[in-house]
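Undergrad: Residue numbers (my numbering): 19 to 224. We treat Cβ as the ideally placed atom computed from N, Cα and C, and that holds for glycine. Please read these numbers as outputs of a predicted model, since none were measured by experiment. I have a structure here, written as structure tokens, and I will follow up with some questions on it.
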Amino acid sequence: MARKNFARVYAILVGWLLCAGCAVPVHAADIEGVRVDDRITLPGGTPLVLNGAGVRTKLAFAKLYVGALYLPAKQPAAEAIFKDAGAKRIAMFVLADEITARELVASLNNALAANHIPIELALIEARLRQLNDMMLKVGVLKKGAVVTLSFLPATGTHIHINGEEKLVIKGEDFFRAMLRIWIGNKPVDGRLRDAMLGGDGSVRLF
Numbered sequence: 019m020a021r022k023n024f025a026r027v028y029a030i031l032v033g034w035l036l037c038a039g040c041a042v043p044v045h046a047a048d049i050e051g052v053r054v055d056d057r058i059t060l061p062g063g064t065p066l067v068l069n070g071a072g073v074r075t076k077l078a079f080a081k082l083y084v085g086a087l088y089l090p091a092k093q094p095a096a097e098a099i100f101k102d103a104g105a106k107r108i109a110m111f112v113l114a115d116e117i118t119a120r121e122l123v124a125s126l127n128n129a130l131a132a133n134h135i136p137i138e139l140a141l142i143e144a145r146l147r148q149l150n151d152m153m154l155k156v157g158v159l160k161k162g163a164v165v166t167l168s169f170l171p172a173t174g175t176h177i178h179i180n181g182e183e184k185l186v187i188k189g190e191d192f193f194r195a196m197l198r199i200w201i202g203n204k205p206v207d208g209r210l211r212d213a214m215l216g217g218d219g220s221v222r223l224f
């Protein structure tokens, strides 16, 4: 009898532990030592979830930054993301010892040119110049720096560096153009694009 009771209690305990383990929430992704939150809240209280994150590399071995895409709900299709006019965020966590603003601006502008025809670029040219001028004033991004581009439908794209707001650029079309840098047909990094769209199996969750 005692043996049966022990077996019953043991089974209940094991089942409880397994269920408890299943119920533990996932709080972050660990990518190259960078903790990337799986949920964030934008100013004004808009909640977003991590759609995907990965590493931007150069020449296949130099790791520049971890890039992350946040959306209202997970979405693996780039075109559906472009059509959604809701809040979004792109975050970059610098891995390199330093990235000069000039290098970053050149990389972003090249990716914009690759994903847009001239008339499309002309529509955002003045606003893009604002972003370029601001970044050039920053000069250098050191390892550990965090750059975020957060789109809020009511106000536009809010650019923060290390938590400090540097610039707000109006227009959903501008943020959509910026998105194409990372998840367009000719992204700045193909593997990073796949990761941001939720396809990177190497991300370790804990």
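Hey, how far is the Cα of threonine 173 from the Cα of aspartate 115?
TA: Roughly 33 Å separates the two Cα atoms.
Undergrad: Based on Cα-Cα distance, which residue from Gly63, Leu146 and Asn69 lies nearest to alanine 98?
TA: The shortest C-alpha separation from alanine 98 is found at Asn69.
Undergrad: Please specify which runs of the beta strand (DSSP E), each continuous and at least 3 residues long, are wholly inside the stretch 121-167, giving them in chain order.
TA: Taking only runs of at least 3 residues, the beta strand (DSSP E) segments lying wholly in the stretch 121-167 are 158-160.
Undergrad: So, under 8 Å CB-CB, phenylalanine 192 and arginine 145 are touching, yes? Tell me the CB distance rounded to an integer number of Å.
TA: Confirmed, Cβ separation roughly 5 Å.
Undergrad: CA-CA distance, isoleucine 177 and leucine 197?
TA: Distance between the alpha carbons of isoleucine 177 and leucine 197 is about 14 Å.
Undergrad: Is it right to say phenylalanine 79 is buried, meaning 16 or more other beta carbons lie within 10 angstroms of its own, or is it exposed?
TA: So phenylalanine 79 ends up on the exposed side.
Undergrad: Taking C-alpha atoms, which residue in Gly63, Lys81 and Gly72 lies nearest to isoleucine 49?
TA: Nearest option by C-alpha distance: Gly72.
Undergrad: Suppose you measure from the CA of isoleucine 137 to the CA of leucine 130; what does that come to, to the nearest Å?
TA: Going from the Cα of isoleucine 137 to the Cα of leucine 130 covers about 12 Å.
Undergrad: For lysine 204, which residues in the same chain have their Cβ closer than 8 Å to its Cβ, ignoring the five residues on either side in sequence?
TA: Taken in chain order, the residues that qualify are Ala129, Ala132 and Asn133.
Undergrad: Within the same chain, show all residues whose beta-carbon is closer than 6 Å to that of proline 94, passing over the 5 residues directly before and after it, in chain order.
TA: So the qualifying residues of the chain are Leu215 and Gly216.
Undergrad: Consult DSSP for lysine 184 and reduce its assignment to one of helix, strand or coil.
TA: If DSSP states are grouped into helix, strand and coil, lysine 184 belongs with the strands.
Undergrad: Quick one: does the C-beta of serine 168 sit closer than 7 Å to a heavy atom of the ligand HEM?
TA: Absence of the ligand HEM is noted for the structure shown, with no ligands found whatsoever.
Undergrad: So threonine 64 and alanine 91 are supposed to be a Cβ contact under 8 Å. How far apart are they, rounded?
TA: Not a contact, Cβ separation roughly 12 Å.
Undergrad: Whole angstroms are fine: how far does the CA of tyrosine 88 sit from the CA of arginine 53?
TA: The alpha-carbon atoms of arginine 53 and tyrosine 88 are separated by roughly 14 Å.
Undergrad: Assign lysine 106 to one of three DSSP states: helix, strand, or coil.
TA: Lysine 106 falls in the strand class under three-state DSSP.
Undergrad: If we ignore side chains and look at the alpha-carbon of each, how far apart do alanine 124 and threonine 59 end up?
TA: Distance between the alpha carbons of alanine 124 and threonine 59 is about 30 Å.
Undergrad: List the whole-angstrom C-beta distance separating alanine 195 from isoleucine 108, where the pair is believed to meet the contact cut-off of C-beta under 8 Å.
TA: Going by Cβ atoms, the distance from alanine 195 to isoleucine 108 rounds to 12 Å, so no, they are not a contact pair.
Undergrad: Using beta-carbon positions only, say whether phenylalanine 100 and valine 164 come within less than 8 Å of one another.
TA: Cβ distance not < 8 Å, so phenylalanine 100 and valine 164 don't count as in contact.
Undergrad: Looking at the secondary structure, which residues open and close the beta strand (DSSP E) in which alanine 172 lies?
TA: Note, alanine 172: premise wrong, no beta strand (DSSP E); not H, not E.
Undergrad: Assign leucine 154 to one of two classes, buried (16 or more other C-beta atoms within 10 Å of its C-beta) or exposed (fewer than that).
TA: So leucine 154 counts as exposed.
Undergrad: Mind checking valine 186: buried by the 16 CB within 10 Å criterion, or exposed?
TA: That one is exposed.
Undergrad: Cα-Cα, which of Arg74, Ile135 and Asp56 is closest to leucine 66?
TA: Of Arg74, Ile135 and Asp56, the residue nearest in Cα terms is Asp56.
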